[in-house]
Each structure stands twice: as structure tokens, then as C-alpha cells.
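Going by UniProt numbering, the first residue of the sequence shown is number 1, and it counts up by one from there.
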Amino acid sequence: MAEAAQTISDHIHKMLDDLTRAERQLALSVLENYPASGLGPLTALAKDADVSVPTVARMVQKLGYKGYPEFQAALREELKAKVKTPIAKHDTWAEAAPSGHILNRFTEAVIENIRLTLGQIDPTAFDQACDLIADADRHLFIVGGRITHTLAEYLFLHMQVIRPHVTHVQSTSNTWPHYLLNAKEGDVFVIFDVRRYENNTLKLAELAHERGAKIVLMTDQWRSPVHQVATVCLSNRIVVPSAWDSATTMMLLLETMISSVQTLNWTQTKARIEGLEDMFDQTKLFRKFT
1 MAEAAQTISD HIHKMLDDLT RAERQLALSV LENYPASGLG PLTALAKDAD VSVPTVARMV
61 QKLGYKGYPE FQAALREELK AKVKTPIAKH DTWAEAAPSG HILNRFTEAV IENIRLTLGQ
121 IDPTAFDQAC DLIADADRHL FIVGGRITHT LAEYLFLHMQ VIRPHVTHVQ STSNTWPHYL
181 LNAKEGDVFV IFDVRRYENN TLKLAELAHE RGAKIVLMTD QWRSPVHQVA TVCLSNRIVV
241 PSAWDSATTM MLLLETMISS VQTLNWTQTK ARIEGLEDMF DQTKLFRKFT
């Protein structure tokens, strides 16, 4: 049986790279609507994932279960454990709203995403990412996608202040190959890529890797194909009751990363902030009340 300290979802994530194509397709289907996807009949799961019944049976055994009934029993135990150990002492987050109100349902999903993400993040890998980003001897390239470009811009804005040699690259732009001309061995690319993974982003990552660059990947729980060439991969849970995925957990990691890099570079960062504030004063960018 799977380790008690891990959820079945956790175990599946660790196995992804070792699965066959059909098994990986099944695993991603299970994770897409976890845990509800595994609570129905075996044949229904196989049909939803567009794989054979024997593929489901093999996958269940690889997870450490004797058969599908035992696998389902473990899923049900996970659900019971969630009921026994609520995230908060209060029944609702927005006390004026019913427990089923979107304010509460969405908040519960986000907090669960944070809990699961932090439970899986390797602190050593996170520190390695921060060290690479903080190293001012390495040119830093920041790449966002169609939706994640907002996160990339947020990181870029802060890194501009914290350290020199920072470039913001739009992966959707047809000019991004021009940026690669300046990339050299040891430079760092921070790449944001969540489902639906973008072909431009993958190609950019592959070419940067070929040039000897280090890649820090910010992705979702299913992991972008970019992870195959990434030096550090930081996965985030993103599913919420919405037609769109949530960026809250990724923003939490991002702001923690900014804080860490700022601390690592504080002497240089302090001098840059002082110079920037002086320019703000001269240009009267901000209103003063004293």
C-alpha cells in the first residue's frame, strides 16, 4: 500500500517520469479531477482516460495496491481524514456567508492548494532556485506565457530593483529568439508554464538549455514538459472551483522567493533602492504628504 504519510496524488506525482505513455495519460486523468476520478467504476476511469482496463489495473499495482477495490478504499480514507482534520477551526471563512458560498468554497480550495504545495516543495530545491536568481554574475531572463505573463512581470519588476542584468522575455512574441542571442552558459531563465503548456515556451527552454543556461521552472501539479530540461522545478497546486486555474499558490512562492533573493543580495539591493528612491524624488513620481 502507498505510504501513509503521502496522499495517492503525491505518490502519482513522484512516479510520473517512470510511467509508460498510456499510464501517464491515465495518471494525468486521475489528477485532473482528484480524488473523484478514482471513486467510480474501473471501466469508467479507463474510458475517461481513454486507456484500456488492463492499463488501470497495472497502474493501481504500481501504486502498491493489490487491486482497484483496495485503491478506492484508500481514496475514501483520504476523504475521511480531511473531514476529521479540517484546515480551520471555523466552519466558514466568510462568516456572513453560507458554508457553501463561493467565498468559502474558493478559499478552502486555495488553502488546500497551499497546504499540498508546501508539503511537496523541497526546501533545498527552493533555496537552489533563489541562489541562482540572486547571482548577479548570471544574466537573468524571465519568461511568462499567455496568462502567466502577469506573474513574470511581477517578478521582473522586483528583480530590476534587487539586481542588475535582468531581461523580461515574452514567450508569445515572435522576437524571443533575439533574446537567446545574448544568453550564455550559466545564465538563468525563470520560466512560468502551466496547463495548457505552450509550444513556444518549450522550444525557448530547449534552446536555452542547449546554450548551457540554467532553468528554474514554475509550473503546476502536472508539470510542464519544460521540467525535462529544468535545473529546478517548483510545482504548484492550481485547481479551484472556477473555469480558470488559481495563481495564488504560485504568487506565494514567488513573493517568498523575492524576499529570499532580496536578503541574499541585501547590500547591493539596499544601494539600488536608495538610488531608485532618489530618482523617484527627482521625477516627483509619487505624491508626498510631508
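Built from N, CA and C at the ideal position, the CB exists for glycine as well.
Beta carbon of residue i nearer than 8 Å to that of residue j
{"i": "V51", "j": "Q25", "result": "yes"}
{"i": "T249", "j": "I114", "result": "yes"}
{"i": "M218", "j": "L234", "result": "yes"}
{"i": "L151", "j": "L180", "result": "no"}
{"i": "I258", "j": "H158", "result": "yes"}
{"i": "V161", "j": "L276", "result": "yes"}
{"i": "C130", "j": "S260", "result": "yes"}
{"i": "L202", "j": "V169", "result": "no"}
{"i": "R163", "j": "K184", "result": "no"}
{"i": "H13", "j": "L63", "result": "no"}
Beta-carbon contacts of residue i that lie in its chain and below 7 Å, excluding the five residues immediately before and after
{"i": "L45", "result": "S37, G38 and V56"}
{"i": "Q128", "result": "V232"}
{"i": "P41", "result": "none"}
{"i": "Q262", "result": "I162 and T269"}
{"i": "L31", "result": "S9, I12, Q221 and W222"}
Other residues of its chain near residue i: CB distance less than 8 Å, five sequence neighbours each side excluded
{"i": "N182", "result": "H139 and T167"}
{"i": "L132", "result": "R138, V188, K214, V216, T231 and V232"}
{"i": "P35", "result": "I8, S9, L75, E78 and L79"}
{"i": "Y197", "result": "S224, P225 and V226"}
{"i": "D27", "result": "According to the sequence displayed, residue 27 carries Ala and not Asp. Excluding positions up to five away in sequence, the list reads I12, M15, L16, L19 and M59."}
{"i": "T43", "result": "V53"}
Under the three-state DSSP convention, the category residue i falls into
{"i": "residue 377", "result": "Beyond the ends of the chain as shown, which are 1 and 290, falls residue 377; an answer cannot be given."}
{"i": "Q282", "result": "helix"}
{"i": "T248", "result": "helix"}
{"i": "V235", "result": "The question names Val, but residue 235 in the sequence shown is Ser. Reduced to three states, the DSSP call for S235 is strand."}
{"i": "V194", "result": "coil"}
{"i": "D50", "result": "coil"}
{"i": "Q170", "result": "strand"}
{"i": "H90", "result": "In this prediction, H90 scores a pLDDT of 43, lower than 50, which makes its location untrustworthy; no coordinate-derived value is stated."}
{"i": "L103", "result": "helix"}
{"i": "V60", "result": "helix"}
{"i": "T7", "result": "coil"}
{"i": "L180", "result": "helix"}
{"i": "G144", "result": "strand"}
{"i": "K66", "result": "coil"}
{"i": "K288", "result": "coil"}
{"i": "V240", "result": "coil"}
{"i": "T175", "result": "coil"}
{"i": "D18", "result": "helix"}
{"i": "D135", "result": "coil"}
Local Cβ density within 10 Å of residue i, reported as buried at 16 or more and exposed below that
{"i": "L155", "result": "buried"}
{"i": "E255", "result": "exposed"}
{"i": "W222", "result": "buried"}
{"i": "N236", "result": "buried"}
{"i": "M59", "result": "buried"}
{"i": "F71", "result": "buried"}
{"i": "A49", "result": "buried"}
{"i": "F280", "result": "exposed"}
{"i": "E274", "result": "exposed"}
Nearest-angstrom Cβ-Cβ length linking residue i and residue j, presumed shorter than 8 Å
{"i": "E153", "j": "G144", "result": "7 Å"}
{"i": "T229", "j": "A205", "result": "Sequence check: residue 229 is Val here, not Thr. That pair is a contact at about 6 Å."}
{"i": "V190", "j": "D220", "result": "V190 to D220, Cβ: 16 Å. No contact."}
{"i": "A136", "j": "L264", "result": "Their Cβ separation, rounded to whole angstroms, is 10 Å, which puts A136 and L264 out of contact at 8 Å."}
{"i": "V110", "j": "S246", "result": "6 Å"}
Neighbourhood of residue i by C-beta, 6 Å cutoff - its chain only, sequence neighbours within 5 removed
{"i": "T117", "result": "N236, R237 and T249"}
{"i": "F141", "result": "T167, V169 and F189"}
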